[in-house]
């Protein structure tokens, strides 16, 4: 079973770990995590960069899909759509709640709401994850 502690250990050396993503809870249907808004994650005006919102949400949807994978399967994001609502200032923390909208045999769709500590909505991200068998041929032929 992948506990939040195990997930945090797994992502620590990867991009989500470098960003500071901290998984709080993870089930096959829902993932919740926190991210502290640091200066190196910000854009002008000291607010969380749009790409950081997107990467945070992408990590949560991927983690949720991983929670559903059978042995020998992997996942990758195929598309993502982000609606930016408000900024999160440096020095604060945001929480991401990602919920599975669809968990099929070959695709999963996750929707993540990112909120400030006082519950104000910052962004909504919807993404599709492809589920692949690791021994399956590449999805796209090599050039």
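Residue numbers (this note's numbering): 837 to 979.
We treat Cβ as the ideally placed atom computed from N, Cα and C, and that holds for glycine.
Presumed contact (8 Å Cβ cut-off) between residue 873 and residue 928, rounded CB distance: The pair is a contact, with the Cβ atoms about 5 Å apart (cut-off 8 Å).
C-alpha distance - residue 956 paired with residue 915, whole-angstrom precision: For residue 956 and residue 915, the distance between alpha carbons rounds to 25 Å.
Through-space distance from residue 848 to residue 854, alpha-carbon basis: One Cα belongs to residue 854, the other to residue 848, and the distance between them is close to 7 Å.
Distance, residue 871 Cα to residue 857 Cα: Taking the straight line from one Cα to the other gives about 5 Å.
Cα-Cα separation between residue 968 and residue 900, rounded to whole angstroms: Distance between the alpha carbons of residue 968 and residue 900: 15 Å.
Nearest to residue 962 (by Cα), restricted to the options 908, 889 and 910: For residue 962, the nearest C-alpha among the options comes from 889.
Backbone secondary structure at residue 932 - three-state DSSP: Here residue 932 sits in strand by DSSP.
Buried versus exposed, by CB contacts within 10 Å (16 or more), residue 948: With a threshold of 16 other beta carbon atoms within 10 Å, residue 948 meets it and is buried.
C-alpha distance - residue 893 paired with residue 934, whole-angstrom precision: Spanning the two alpha carbons is a distance of roughly 7 Å.
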